[in-house]
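Asks:
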Amino acid sequence: QVQLVESGGGLVQAGGSLRLSCAASGRISSIRRMGWYRQAPGKQRELVAAITSGGSTDYADSVKGRFTISRDNPKNTVYLQMNSLKPEDTAVYYCNANIMTSELRSYWGQGTQVTVSS
459 QVQLVESGGG
469 LVQAGGSLRL
479 SCAASGRISS
489 IRRMGWYRQA
499 PGKQRELVAA
509 ITSGGSTDYA
519 DSVKGRFTIS
529 RDNPKNTVYL
539 QMNSLKPEDT
549 AVYYCNANIM
559 TSELRSYWGQ
569 GTQVTVSS
């Protein structure tokens with residue numbers, strides 16, 4: 459069984475930084491695309507950033523230039539470095555990964571709260 463475990467959320471003042479981590483474990487053959495999504499209260503879940511196994515990245519316009527996604531393939535881990543945080547970045551952040559075991563499936567982490575105070 460595959461699990462995604464996130465860490466690194468918390469409370470930070472506007473302008474501060476946080477680094478999120480998400481480690482995948484289990485009977486994993488390979489991991490394709492990995493990404494971070496967020497969901498603020500009363501809003502739909504949205505893509506923040508994604509990275510392919512080859513390292514190509516994609517970002518939401520609202521975080522370009524402030525957030526950086528990266529991955530460590532041998533460790534099956536994806537990171538999200540968040541700088542210059544704004545109150546509107548407050549949300550629950552979810553890790554997502556397309557993982558091949560006996561089949562290719564999309565998996566989600568449990569979510570980690572990020573709160574940015576003004």
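Heads up: the sequence shown begins at 459 in the working numbering, then just goes up one per residue. Here a beta-carbon is modelled for each residue, glycine too, at the ideal position from N, C-alpha and C. All values reported here derive from a predicted model rather than from experimental measurement.
Can you tell me whether Glu464 is buried or exposed? The criterion is at least 16 other CB atoms within 10 Å of its CB, across all chains shown.
Replies: With 16 or more other Cβ atoms within 10 Å, it is buried.
Asks: If we count the other Cβ atoms within 10 Å of its Cβ and call it buried at 16 or more, is Asp547 buried or exposed?
Replies: Per the 10 Å Cβ criterion, buried.
Asks: Below 8 Å on the Cβ atoms is my guess for Tyr537 versus Leu478; work out the distance and round it to an integer in Å.
Replies: The Cβ separation is near 7 Å, so the contact holds.
Asks: Can you give me the start and stop residues for the beta strand (DSSP E) that Gln497 sits inside?
Replies: Per DSSP, Gln497 belongs to the beta strand (DSSP E) from Ser488 to Gln497.
Asks: Kindly identify the DSSP beta-bridge partner or partners of Glu546.
Replies: Answer is none; Glu546 lacks a bridge partner.
Asks: Checking 9 Å against the spacing of the C-beta atoms, do Val574 and Ala472 come in under that value?
Replies: Cβ atoms of Val574 and Ala472: closer than 9 Å.
Asks: Looking at the structure shown, is Ser511 part of a helix, part of a strand, or coil, going by DSSP?
Replies: If DSSP states are grouped into helix, strand and coil, Ser511 belongs with coil.
Asks: Where does Asn556 sit, in a helix, a strand or coil, going by DSSP?
Replies: In this structure, Asn556 counts as strand in the three-state DSSP scheme.
Asks: Would you list the one or two residues that DSSP bridges to Val470?
Replies: DSSP output for Val470 lists Val574 as bridge partner(s).
Asks: Helix, strand or coil for Ser520 per DSSP?
Replies: Three-state result, Ser520: helix.
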